[in-house]
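Chains as they are written, first to last, in our numbering: chain L, 1 to 114; chain P, 1 to 112.
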């Protein structure tokens, strides 16, 4: 089945710096890639997604790049703030008529120091 | 934004007992999911449910597990009987279609 890998597993940055999280997947049938953020003790919160017919998506301080050939994604967060401290999860889905079964990576723990 | 509610947030039970985890999905959503996360490990898909039926389940969804949503009320995950390895946080999610999933805050199950 699908496997999703994330690197790094954790990182610490100073407020204002940028963060880059890498994600790779194995199943070429995956077509939908949502990312979630989980602050301590809180629910997973959707932050950005991309479909396999796109190469790039940007919202405010987030940029998500997708390379179908290498099965690789990268999430770039600019101008980080302490509120960005969380675990970030990459996920992949075939998004078919059975709904949206997500395969998650193990997460990247980001700590932004003020 | 829309919220998925889970009850209870935390439950401790003895091995062999039955447990029911309840999920109140986003009101107009049509697809419902359960995921399991053991501490320090990946969140893993258990099952999804649509139109009153299980659509897909993983190998983690053992015979002791069942899901239902009677009369549009709570979407429930029942484990009977429980085993030690069922200790985990169980996340419910819902979606309108094949897009974004909305997650609950999780139900932490401890089996002694």
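Don't be surprised by glycine CBs; every beta carbon is placed ideally from N, CA and C.
Treat the numbers as computed from the prediction; the structure is a model and nothing was measured.
- C-alpha of residue 50/P to C-alpha of residue 57/P: approximately 12 Å in a straight line.
- For residue 72/L, the enclosing beta strand (DSSP E) has its first and last residue at 72–77.
- Distance from the CA atom of residue 3/L to the CA atom of residue 103/L, rounded to whole angstroms, is 7 Å.
- Taking the Cα of residue 40/P as reference, the smallest distance to any Cα among 55/P, 6/P, 87/P is reached at 87/P.
- Taking a contact to require three or more Cβ pairs closer than 8 Å, the region 1–11 of chain P and the region 61–80 of chain L do not qualify as touching.
- In this structure, the beta-carbon distance from residue 77/L to residue 108/L does not fall below 8 Å.
- What residue 34/L touches in chain P, judged by beta-carbon distance under 9 Å, is 99, 100, 101, going in chain order.
- Rounded to whole angstroms, the Cβ separation of residue 74/P and residue 22/P is 4 Å, and the two are in contact under 8 Å.
- By the rule that beta-carbons nearer than 8 Å mark a contact, residue 65/L does not touch chain P.
- In the displayed model, residue 82/L falls within a helix according to three-state DSSP.
- Between the region 32–40 of chain L and the region 79–96 of chain L there are three or more C-beta pairs closer than 8 Å, enough to call the two in contact.
- Collapsing the DSSP output to three states places residue 44/P in a strand.
- Of all alpha-carbon atoms in 38/L, 53/L, 36/L, 20/L, the one lying nearest the alpha-carbon of residue 28/L is that of 53/L.
- Neighbours of residue 11/P in chain L, taken as residues whose beta carbon is under 9 Å from its own, are absent, since the nearest beta carbon is some 17 Å off.
- Under the DSSP assignment, residue 82/P falls outside any beta strand (DSSP E); it carries neither an H nor an E label.
- DSSP places residue 93/P in the uninterrupted beta strand (DSSP E) bounded by 88–95.
- Residues 22 of the same chain have their beta carbon placed closer than 6 Å to that of residue 7/L, with the five preceding and five following residues left out of the count.
- In the DSSP assignment, residue 43/L forms no beta bridge with any residue.
- Where residue 58/L is concerned, the enclosing beta strand (DSSP E) starts and stops at 56–59.
- Exclusion of the five residues before and after residue 94/P leaves 4, 25, 26, 29, 32, 102 as the residues of its chain whose Cβ lies within less than 6 Å of its Cβ.
- Our two residues, residue 82/L and residue 12/L, have alpha carbons roughly 11 Å apart in a direct line.
- Within the same chain, 86 come within 7 Å of residue 39/L by CB-CB distance, once the 5 residues on both sides are set aside.
- Taking 8 Å as the cut-off, the beta carbon of residue 114/L is found no closer than this to the beta carbon of residue 5/L.
- In the three-state scheme derived from DSSP, where H, G and I count as helix and E and B as strand, residue 49/L is classed as strand.
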